[in-house]
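The numbering used here numbers the first residue of the sequence shown as 3 and each following residue consecutively. One structure is given below, encoded as structure tokens.
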Amino acid sequence: MNSWVKFRTGAEIKIVKRINFVKATLFVAFIAGLYAAFSVLAKYTKLTKRKSFWAALLMAMLIVIQSGFMLFYIRESPFIDTSQDKVKIINTDGRAQTGFETLIVAVIYCSIAYSLIKLNSVSLKKPNIKSLSFHFLLLLVSVFGLTKVVHYKAPYII
Numbered sequence: 003m004n005s006w007v008k009f010r011t012g013a014e015i016k017i018v019k020r021i022n023f024v025k026a027t028l029f030v031a032f033i034a035g036l037y038a039a040f041s042v043l044a045k046y047t048k049l050t051k052r053k054s055f056w057a058a059l060l061m062a063m064l065i066v067i068q069s070g071f072m073l074f075y076i077r078e079s080p081f082i083d084t085s086q087d088k089v090k091i092i093n094t095d096g097r098a099q100t101g102f103e104t105l106i107v108a109v110i111y112c113s114i115a116y117s118l119i120k121l122n123s124v125s126l127k128k129p130n131i132k133s134l135s136f137h138f139l140l141l142l143v144s145v146f147g148l149t150k151v152v153h154y155k156a157p158y159i160i
């Protein structure tokens, strides 16, 4: 900035930026929050060592990130689309996404994550054929449902 002003006007100026106290306060609060979270979680090491805790955390992240919920929220898309007196839960336009479609994809992603985590934990214990077959079937149905949604949204992909 200084060189641009000097080149245009020939004047030597000094730009001084003030300290942004809001950013500094938020950074200190974030560090304090991390310290508090880790000090509280240190008491509950049994909780953090459980796979179900991490599975729940993973599913929450999948709901928010992978399903497109933030994009739906930012674009302020409708929850259900209507056209010609018909209700459409899946938008046929490749660029748009309704809120209900976001929830469908989130549920499919969560069932895939749950099945993979349970299959991993079940396979390490005594082999229980009923549990293994149920979670494997849930995984197959979820992947099939996801491919159907993707095929409906973008048939050129599959």
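We treat Cβ as the ideally placed atom computed from N, Cα and C, and that holds for glycine. Computed from a predicted model, the values in this text were never measured in an experiment.
Less than 8 angstroms separating the beta-carbons of Thr-47 and Phe-74? no
Looking only at its own chain, which residues have a Cβ that is under 7 angstroms from the Cβ of Lys-120, when we skip the five neighbours before and after it? His-137
Assuming Ala-115 and Ala-62 form a contact by the criterion Cβ under 8 angstroms, report the distance between their Cβ atoms to the nearest whole angstrom. Not really, about 10 angstroms apart at Cβ, beyond 8 angstroms.
Sequence-distant residues of the same chain with beta carbon closer than 7 angstroms to Ala-13, five excluded per side: Same-chain partners within the cutoff: Val-7.
Can you tell me the Cα-Cα spacing of Cys-112 and Lys-16, whole angstroms? 55 angstroms
Could you give the distance in angstroms between the alpha-carbon of Phe-9 and the alpha-carbon of Phe-29? Cα-Cα distance, rounded: 37 angstroms.
Taking only the alpha-carbon atoms, compute the straight-line gap between Ile-82 and Lys-88 and give it to the nearest angstrom. 10 angstroms
Kindly indicate which three-state DSSP category Ser-85 falls into: helix, strand or coil? strand
Do you know how far the Cα of Thr-27 is from the Cα of Ile-21? About 11 angstroms.
Here's a check: name, in chain order, each residue in its chain whose Cβ is nearer than 7 angstroms to the Cβ of Phe-144, leaving out the five neighbours to either side. Residue identity check: residue 144 is Ser in the sequence provided, not Phe. Shown here for Ser-144: same chain residues with a beta carbon closer than 7 angstroms to its own, the five before and five after excluded, namely Ile-110, Ser-113, Ile-114, Ser-117 in chain order.
Could you spell out the range, first to last residue, of the alpha helix (DSSP H) harbouring Ile-2? In the structure as shown, the chain starts at 3 and stops at 160, and residue 2 therefore has no counterpart that could be examined.
So the candidates are Phe-102, Leu-59, Leu-60; which of them puts its Cα closest to the Cα of Pro-80? Phe-102
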